[in-house]
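So the sequence shown is numbered by numbering that gives the first Met the number 0: it starts at 0 and just counts up by one. Even for Gly, the Cβ is constructed at its ideal location relative to N, Cα and C. Shown next, in structure tokens, is the structure this report addresses.
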Amino acid sequence: MIFVFYFFAAFQVFLGYKSLRGGVDFLNFFKREIAEPESDFAPFASIIAPCRGLDADLESNLTALFRQSFPRYEIVFVVGDERDEAVPVINKIINCQTAGVTKSAKIVVAGKAVDSGQKVHNLRRAVLEVSEESEVFVFVDSDARPNRDWLRSLIAPLEDENVGAATGYRWFIAENGGFAANLHSVWNASIASALGAKSKSNFCWGGSMAMRRGTFERLGISEKWRGVLSDDYAVTRAVKKANLPVYFVPRALTASIEDYSFRQVAEFTTRQMKITRVYAARLWIASFVGSFLFSAVFWSGVFLLFFTFGWQFWLTLLFLLIIFALGAGKAWIRLSAVKLVLKDYEKHLNRSFWWQITLWTISPLLFFYNDFAALLSRRIRWRGIEYELKSPSETVIISE
């Protein structure tokens, strides 16, 4: 039986080596992109920011949208209900930030969703309210805090009209530390490093994404959002169907600063994998199988150390150390890449170093739990609304 373990342990070493190579490519891609000079491409842009409820530090997140190093743009905040808790915060920011400046901002009330996710419903309404001179649509989540160059960097790849979409991604930062919040960050980090130079395999993330208006309309994105819950999966599918590349922009990486509890981590991560099961079933299966294999091999190896002796003990330990070293190396390289962009959060990132290089051994257990939960149910709760995901194009609102 132990030779079965050695076979799968050797396989995990091979996968760990490939993952480490991927981490090196990820870091090198960041370095190349950051070394590129700033683009002069600056068409009029519309930032669309859907909001619901009070995110942690919502005012700071939304204020960052007014401080972009970009000449001409507007901000369209969109809510589902004029009584939403975010509305007073948005009004306060608009009144403070637009006095004496050329940037314009407004609130759009979309009303309650009927047959789609509330966020998607808000987006479909907001794109109808943008300025006529807008050439680029930029989408941002309310829990993301962009840096000053975010907008310029995100739009730059769209100078090439053949680019379908430009995307950033998020990096969760645990403001006060803690096991749950850092596990959440590590779980999400493994998805972040799937992006890179290969534009054909990249995906769009709706929390930091830009498209030319012409591309958006030509691909019929608004219509493709009808009935869906996940805005970014729908956009990714449409862009790839049109055989257009998705350009990942490291400079558009955004910080999401929150301290999650264990309950919040379980809810967030399980929701993501339930959405993945419906919109990208193959990816969900790969996650299910991969998380099971790693967890079974690594943690059964730790268990075996207590029951083996002699050469079997030392060989088992050697396999575990190699697997751990490869994974820890990948985590360290990934963190090094992120620090090149999120310089304002260097202290937070340095503080997360030990969490990043250790908790990656536990995050596959969380992935397996998420994937198993997605197997059992397609119901999710997102910002106070319960949905059932019938299919990629059919979303049922159960309760609010």
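Exercise. When you compare only the Cα positions, how much space is there between G99 and F367?
Worked result: The sequence position of residue 99 within the sequence shown is 100, counting from 1. The sequence position of residue 367 within the sequence shown is 368, counting from 1. Residue placement at G99 cannot be trusted, given a pLDDT of 46 that sits under 50; the coordinates are not used to answer.
For this session: Tell me whether R225 sits in a helix, a strand or coil according to DSSP, three-state version.
Result: Start at 1 with the first residue of the sequence shown, and residue 225 comes out as number 226. For R225, the three-state secondary structure derived from DSSP is coil.
For this session: Quick one: grab the DSSP three-state call for W204.
Result: The residue you call residue 204 lines up with position 205 of the sequence shown. Three-state DSSP puts W204 in coil, outside helix and strand.
For this session: Return the CA-CA distance between R408 and V135, expressed in angstroms with no decimal places.
Result: As shown, the chain starts at 0 and ends at 399. That puts residue 408 outside it, with no answer to give.
Exercise. Grouping DSSP H, G and I as helix and E and B as strand, with all else coil, what is A98?
Worked result: For this step, residue 98 is matched to residue 99 along the sequence shown. Unreliable placement is indicated for A98, whose pLDDT of 49 sits below 50; no coordinate value is reported for it.
Problem set entry | Integer Cβ distance of I321 from D56, believed to fall under 8 angstroms | In the sequence shown, counting from the first residue as 1, residue 321 sits at position 322. In the sequence shown, counting from the first residue as 1, residue 56 sits at position 57. Beta-carbon to beta-carbon, I321 and D56 are separated by about 41 angstroms, too far to satisfy the 8 angstroms threshold.
Exercise. What span of residues does the alpha helix (DSSP H) with A41 cover, start to end?
Worked result: Position 42 of the sequence shown, counted from the first residue, corresponds to residue 41. First-last for A41: undefined, no H or E at that position.
Problem set entry | the segment 239-248 / the segment 34-43 touching (three or more Cβ pairs under 8 angstroms) | Segments in contact, no.
Exercise. Can you name the residues that DSSP bridges to Y246?
Worked result: Numbered from its first residue, the sequence shown carries residue 246 at position 247. Y246 pairs with A165.
For this session: Compare the C-alpha of S392 against each of E216, S221, L341, A241 and name the closest.
Result: Position 393 of the sequence shown, counting from 1, holds the residue named residue 392. Residue nearest to S392 within the set E216, S221, L341, A241 is S221 (criterion: CA-CA distance).
Exercise. Excluding five sequence neighbours on each side, which residues of the same chain lie with their C-beta closer than 6 angstroms to the C-beta of E413?
Worked result: Residue 413 cannot be examined here, being either before or after the span of the chain that is shown, 0 to 399.
Problem set entry | Closest residue to N201 among W354, F215, T235 (Cα-Cα distance) | For the purposes of this step, residue 201 is taken as the residue at position 202 of the sequence shown. Among W354, F215, T235, the Cα nearest to that of N201 is on T235.
For this session: Can you say whether E345 is buried or exposed, counting buried as having 16 or more other CB atoms within 10 angstroms of its CB?
Result: Indexing the sequence shown from 1 puts residue 345 at position 346. With fewer than 16 other Cβ atoms within 10 Å, it is exposed.
Exercise. Which class does E132 belong to by DSSP, given the choice of helix, strand or coil?
Worked result: On the sequence shown, residue 132 is found 133 positions in, with the first residue counted as 1. Assignment of E132 by DSSP, reduced to helix, strand and coil, places it in the coil class.
Exercise. Considering only the beta carbon of each residue, do D54 and D142 sit closer than 7 angstroms?
Worked result: By 1-based counting over the sequence shown, the position of residue 54 is 55. By 1-based counting over the sequence shown, the position of residue 142 is 143. Cβ distance < 7 angstroms, so D54 and D142 count as in contact.
Exercise. Can you give the Cα-Cα distance for L228 and A109, rounded to whole angstroms?
Worked result: Numbered from its first residue, the sequence shown carries residue 228 at position 229. Numbered from its first residue, the sequence shown carries residue 109 at position 110. Rounded to whole angstroms, L228 to A109 spans 16 angstroms at the Cα level.
Exercise. Could you give the uninterrupted runs of the beta strand (DSSP E) lying entirely in the segment 332-395, keeping only those of 3 residues or more?
Worked result: For the segment 332-395, whole beta strand (DSSP E) runs of length 3 or above, ordered along the chain, are 378-381, 384-390.
For this session: State yes or no: is the C-beta of G206 within less than 7 angstroms of the C-beta of D230?
Result: On the sequence shown, residue 206 is found 207 positions in, with the first residue counted as 1. On the sequence shown, residue 230 is found 231 positions in, with the first residue counted as 1. The answer is no: Cβ separation not under 7 angstroms.
Exercise. Taking the alpha carbon of A196 as the point to measure from, which residue in N27, A372, S398, M0 has its own alpha carbon closest?
Worked result: As a first step, residue 196 is located in the sequence shown; it is residue number 197 there, counting from the start. A196 has its Cα closest to that of N27, out of N27, A372, S398, M0.
Exercise. Are at least three pairs of beta-carbons, each pair with one atom in the segment 173-189 and one in the segment 250-265, less than 8 angstroms apart?
Worked result: Segments in contact, yes.
Problem set entry | Buried versus exposed, by CB contacts within 10 Å (16 or more), V137 | Position 138 of the sequence shown holds residue 137. Under this definition V137 is a buried residue.
For this session: Using alpha carbons as the reference points, say which of Q67, R123, E81 lies closest to R144.
Result: Taking the first residue of the sequence shown as position 1, residue 144 is located at position 145. Selected option, being the one with the closest Cα: Q67.
For this session: Using alpha carbons as the reference points, say which of A125, W354, N94, R151 lies closest to G326.
Result: Within the sequence shown, the letter at position 327 stands for residue 326. Per the Cα distances, W354.
Exercise. Taking three-plus beta-carbon pairs below 8 angstroms as touching, is the segment 76-85 in contact with the segment 147-162?
Worked result: Contact fails: fewer than three Cβ-Cβ distances are below 8 angstroms.
Exercise. Do you know offhand how far F261's Cα is from L364's?
Worked result: Position 262 of the sequence shown, counted from the first residue, corresponds to residue 261. Position 365 of the sequence shown, counted from the first residue, corresponds to residue 364. Distance between the alpha carbons of F261 and L364: 14 angstroms.
For this session: May I have the straight-line CA-CA distance separating K118 from A373, to the nearest angstrom?
Result: Taking the sequence shown and counting its residues from 1, one reaches residue 118 at position 119. Taking the sequence shown and counting its residues from 1, one reaches residue 373 at position 374. Near 21 angstroms, if we compare the C-alpha coordinates of A373 and K118.
Problem set entry | Opposing strand residues paired with K105 [DSSP bridges] | Here residue 105 is taken as the residue at index 106 of the sequence shown, counted from 1. V75, per the DSSP bridge assignment.
Problem set entry | Endpoints, alpha helix (DSSP H) assigned at T269 | Within the sequence shown, numbered from 1, the residue matching residue 269 stands at position 270. For T269, the enclosing alpha helix (DSSP H) stretches over residues 261-278.
Problem set entry | Bridge-paired residues (DSSP) for R144 | Stepping through the sequence shown from its first residue, residue 144 is reached at position 145. Answer by DSSP bridge pairing, in chain order: A254.
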